[in-house]
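Our numbering applies: residue 216 is where the sequence shown begins, and numbers increase by one. Beta carbons: idealized from backbone N, C-alpha and C, even for Gly. Let me begin by presenting the structure, written as structure tokens, before commenting on it.
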Amino acid sequence: MTARSAPFDPGPDGHATHLVLENAQGHLSLWPGWRQTPEGWTARFGPAPHDACTRLVAADRP
Numbered sequence: 216m217t218a219r220s221a222p223f224d225p226g227p228d229g230h231a232t233h234l235v236l237e238n239a240q241g242h243l244s245l246w247p248g249w250r251q252t253p254e255g256w257t258a259r260f261g262p263a264p265h266d267a268c269t270r271l272v273a274a275d276r277p
């Protein structure tokens, strides 16, 4: 992460920077790979590039 980027911004192209987390209700969330996974959530996918993670989260929405 640089001084100008935020935790949920894409990282450098192709770098595994994010996770997709899932909670007990089956909800998915994009999460920066360097942050601790919050209680009640587990990693479902990743670490992977931001784009791959956002595609998975978007595909899961009704």
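Check: Residue burial classification, G261 (beta-carbon count within 10 angstroms, cutoff 16); Outcome: buried
Check: Through-space distance from P264 to H242, alpha-carbon basis; Outcome: 20 angstroms
Check: Close beta carbons around S244, own chain, < 6 angstroms, minus the five adjacent residues each side; Outcome: L236
Check: Cα-Cα separation between P253 and D224, rounded to whole angstroms; Outcome: 19 angstroms
Check: Alpha-carbon spacing of P277 relative to Q251, whole angstroms; Outcome: 28 angstroms
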